[in-house]
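Using the working numbering, you'd call the opening residue of the sequence shown number 2 and step up by one each time. We treat Cβ as the ideally placed atom computed from N, Cα and C, and that holds for glycine. For reference, the structure discussed in these notes is given below.
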Amino acid sequence: MSEIGNERALLRSDYVPPIGYIEEVIINILSRLPLSWSAKKPKYIICPYPEDYDTINHLCLMEENGIISEDVPLFGFEEVCSPEIMCFLNGLICSVNEDCEGLNDVDINIFNPITHDSIVLPRGSPSVQIPSVGIAFDPKSNDFKAFRFFSDSSKGEVVKYKCEVYTSRSTEWRIISEDVQRPYRSNIHPFCPYYASISGAVYWFVLSREKRGTPVRILSVDMNDNFTEIDLPTQLHEWSFLIELEGCLSVVHLTNPEHYPLSQNEDPQPHLEVYKFENSQWHLRSKSIIDLINVHSFNSVAARDTEIFFIIKHEDESVCFLIFDFVEGSFTTLDLDEQFEDYCPVAFPFVESLLKYYLEQLIPTICFCTKIFHRQWNLGGAISGLQLQFPSSFRFAAPSLPLLILFTLVPILLYRLLFDNTSTITVADLESLSTVE
C-alpha cells in the first residue's frame, strides 16, 4: 500500500500488469513532471500548409541545429475545412477550422501531437461574422481558457464584438464582455498568428481605423477575465509582431520596411528592433540592421531562448528561413527551401510534452471511466458537449444523469472486480480513482 498525499491507492505486489498497462503508467509519470523538465531543449515545429490551403496531414519537428528530425502525423484533420494552426501551448496545439457549411462559425480543437489526445470545444454563440479565437494556458494549474470574439449585430447597426469564454473546467460558453475590440488577422501576413499567449493571458494589437493595419495599442485578457490596455513601446506599423520572449510579452518591429513610408524621425537604414515588456515597462532588448529586399510578407515570427525564427516570403514566391540571435546580433539562414517547396510553412516554438491529463479535468471521474472503457473495450467518448477523441472509430455519449451514473459506477465496479478483488464502492473510491490512474 502506498499513500499519495491524503489519497490512497492500492498497489498489489502479487499482480503483474500487462506490458501495455506499464507503458501507460510510465506515460502517466512523465506527464506529471514539471514542464521545466522537458523545456530544457525546446524545438520549433513547422506546419507545412499546402498551396491550395486545404488539408494538413503532418507537422515537421525541427531540432536546434535547424535539421528537420521527424514528421509528426496529424489525426482528425481529414473531415475539416482549411484547418488553421493557431498556437502551441506547452506542447499542446490549438487549431481553428472554419465551418464547411458556410456558417459564420469555427471549430476549436486542442490536441497533443505526441500522445494524439485531443478535444473539440462545443460551438459558441451565433455570429454574423467569422469569430476570432484566442487560447490562454496557465502552466501552474494546467488549465486553459478559450476566448471567442463574436458579433450579433444586425444590418445597419455599428458592429460590436462580444467576448465569451470556455474553460477546461466548464461545460458551456460564458459571456465576459459586451463590447470589446477583437483580434484581427493581418491582410499582409495572413499566416502569421495575430495574438500571443503568454503565462495565462492573451495579447493582441488594437488596430487604427484611419490607418488600416496599424497598431495603436495592445489589449489583453487573462485567466481571471480581466481586460488590460498596454501602450505601444514605439510607433508601430503593419510590419510589427507580438511574441513571447524570455517569458515576457515582446514586440518585434521592422523599421523602414520596403514599400512603407518613413516617419519623420525614422532612420532610413532598416533595423530589426525587439522590445520586451517587463515590470510594466518596455525595454529595448535588441536592435540590429537587417536587409529587407523584395519581401512580400512574413509567414512566421517565433522565438525561443535567445533567438527569433523568421519565415519570410519574397515577391517571387520564394521562402527564406532566417534565425536571428538577438544577444549576438547575428543572422543565420537555414537551407530548408527544398523540403518545403510547394508549401506555405509556418513555425511555432514547441516543447515536446506528454501532457494530456489537464484536458480530462473537466469531469474527472467520468473521464476516468471513459479511459477504463477505452482500455478494456477500445471505446471513445463525448461528455457534456466536450468531445474527447481517442484513436478509435467508436464513440458513446452520456446525455443524461442516469446514463452518467451507469457509465460511472459500472466500469469502476468492473475495475475493482478485475484488478482489486473487492466490490465495495465509496465516495473515497470515486475521488481517488479520478486522480490516480
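For residue i, which residues from the same chain have a beta carbon less than 7 Å from its beta carbon, with the 5 sequence-adjacent residues on both sides left out?
i	result
GLU179	LYS163
ASN188	GLY214
CYS345	TYR50, GLU52, PHE192 and ASN300
LEU220	GLN182, TRP205, VAL207, PHE228 and GLU230
TYR195	PRO184, TYR185, ARG186, SER187 and TRP205
HIS315	ASN295, VAL296, HIS297 and CYS321
Look up residue i in the DSSP assignment and give the residues it is bridged to.
i	result
ARG175	VAL166
PHE228	VAL222
GLU85	VAL97
LYS146	ALA137 and THR168
SER70	Beta-bridge pairing links SER70 to no other residue.
CYS48	VAL347
LEU246	CYS249
PHE206	ILE219
ILE199	ALA202
PHE151	LYS163
VAL107	GLU99
LEU90	LEU93
ILE446	Absent from the model: residue 446. The displayed extent of the chain is 2 to 438, so no value can be given.
THR256	HIS272
Please classify residue i as buried or exposed, where buried requires at least 16 other C-beta atoms within 10 Å of its C-beta.
i	result
GLU342	exposed
ASN295	exposed
ASP118	buried
SER281	exposed
SER319	exposed
ARG175	exposed
LEU285	exposed
HIS190	buried
GLY248	exposed
ILE199	buried
LYS141	exposed
LYS212	exposed
PHE148	buried
LEU234	Residue 234 is actually Pro in this sequence, not Leu. Burial call: buried.
THR371	Note that THR371 scores a pLDDT of 38, beneath 50, so its modelled location is shaky; the value from the coordinates is reported in the next line. With 16 or more other Cβ atoms within 10 Å, it is buried.
PRO392	Any answer about PRO392 is weak, because its pLDDT of 37 lies below 50 and its placement is not dependable; what the coordinates show is given next. PRO392 comes out exposed.
PRO127	exposed
Check whether the Cβ of residue i sits closer than 6 Å to any heavy atom of the ligand PLP, and report yes or no.
i	result
GLU339	No copy of the ligand PLP occurs in the structure displayed, which carries no ligand at all.
Leaving out five residues before and five after residue i in sequence, what residues of the same chain have Cβ atoms less than 8 Å from its Cβ?
i	result
GLN130	ASN105, PHE151, SER152 and VAL160
SER401	Confidence at SER401 is low in this model, with a pLDDT of 45, below 50, so the placement of that residue is unreliable and no value is reported for it.
Leaving aside the five residues before and after residue i along the sequence, list all residues of the same chain whose C-beta is less than 6 Å from its C-beta, in chain order.
i	result
PHE242	VAL253 and VAL302
GLY386	For GLY386, the predicted model reports a pLDDT of 41, less than 50, meaning its position is unreliable; a value from the coordinates is still stated below. PRO123 and THR172, listed in sequence order.
CYS48	LEU60, ILE86 and VAL347
SER287	VAL275 and PHE327
VAL217	VAL207 and SER209
LEU1	Residue 1 lies beyond the range of the chain shown here (2 to 438); nothing can be said about it.
GLU71	LEU62
ILE324	GLU308, PHE310 and THR333
I'd like to know whether the C-beta of residue i is nearer than 7 Å to at least one C-beta of chain C.
i	result
TYR162	Among the chains in the structure shown there is no chain C, since it carries only a single protein chain.
Problem set entry | beta strand (DSSP E) runs wholly inside the region 273 to 321, at least 3 long, in chain order | 282 to 290, 296 to 305 and 308 to 315
Exercise. Does the region 223 to 239 come within contact of the region 327 to 335, defined as at least 3 CB pairs closer than 8 Å?
Worked result: no
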